[in-house]
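Down below is the structure, laid out as structure tokens.
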Amino acid sequence: MQLYTDAATEPASEHSAAGILLIDNGHQQQLKQPLPPSDNHTAEFLAAIAGFKVLLEQYGSKQTVFFYTDSKIVAESISKGYSKSFNVELQILLQLQDQCQVVITQWLPESQNHGAHQLAQQGLHLAD
Numbered sequence: 047m048q049l050y051t052d053a054a055t056e057p058a059s060e061h062s063a064a065g066i067l068l069i070d071n072g073h074q075q076q077l078k079q080p081l082p083p084s085d086n087h088t089a090e091f092l093a094a095i096a097g098f099k100v101l102l103e104q105y106g107s108k109q110t111v112f113f114y115t116d117s118k119i120v121a122e123s124i125s126k127g128y129s130k131s132f133n134v135e136l137q138i139l140l141q142l143q144d145q146c147q148v149v150i151t152q153w154l155p156e157s158q159n160h161g162a163h164q165l166a167q168q169g170l171h172l173a174d
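Just so you know, the sequence shown maps onto residues 47 to 174 in my numbering.
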């Protein structure tokens, strides 16, 4: 199971949306959803949380998940198990990940997270 997430935020209004791309045995599920108003870093955590919630609801626990994010702060916080500024969001995310059998988190450049990025942008424009 592969999970790609991204967030898009309009800085002036702090409108935010998540893009979630799930790939299971070659089958893609593309989702976009609004997020609470927030700055971009918080929105990246909220997008990851939303992605894991969808994954767990639809596929159940005991999944091996390859999780991809273009947010360095999300990837580094997961790796360290600590975040000074986003600890509440990180703890929620880690609790969701703990329900999976194995989670392998990998940061990738935005150019390689195009699917989730496009979904987040579309979600942001739906909120306008």
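Beta carbons are placed, not taken as given, at the ideal position from N, Cα and C, and that holds for glycine.
Predicted, not measured: the structure shown is a model, and the values here were computed from it.
(request) Give the straight-line distance between the Cα atoms of Q143 and A58, rounded to the nearest whole angstrom. (result) 32 Å
(message) Measuring only the C-alpha atoms, how far is Q74 from V111?
(response) 14 Å
(message) Once DSSP output is grouped into helix, strand and coil, what is the label at G65?
(response) strand
(message) Measuring straight from C-alpha to C-alpha, what distance separates S62 and P83?
(response) 6 Å
(request) Could you pull out every residue in the same chain whose Cβ sits closer than 6 Å to the Cβ of L170, ignoring the five residues on either side in sequence? (result) A54, A63
(request) Determine the closest residue to F91 out of L77, T115, K78, with distance taken between C-alpha atoms. (result) T115
(message) Once DSSP output is grouped into helix, strand and coil, what is the label at F132?
(response) coil
(request) Could you tell me if I66 is buried or exposed, where buried requires 16 or more neighbouring beta carbons within 10 angstroms of its beta carbon? (result) buried
(message) Using a 10 Å radius around the Cβ and a threshold of 16 neighbouring Cβ atoms, would you call K78 buried or exposed?
(response) buried
(request) Measure the alpha-carbon distance for L101 versus Q147 and round it to whole angstroms. (result) 13 Å
(request) Give me whichever residues DSSP pairs with I150 in a beta bridge. (result) F112
(request) Would you check if the distance between the CB atom of A121 and the CB atom of T51 is smaller than 8 Å? (result) no
(request) Drop a sphere of 10 angstroms on the beta-carbon of V134, count the other beta-carbons inside from all chains shown, and report buried for 16 or more, exposed for fewer. (result) exposed
(message) Please report the distance separating the alpha-carbon of E156 from that of H163.
(response) 7 Å
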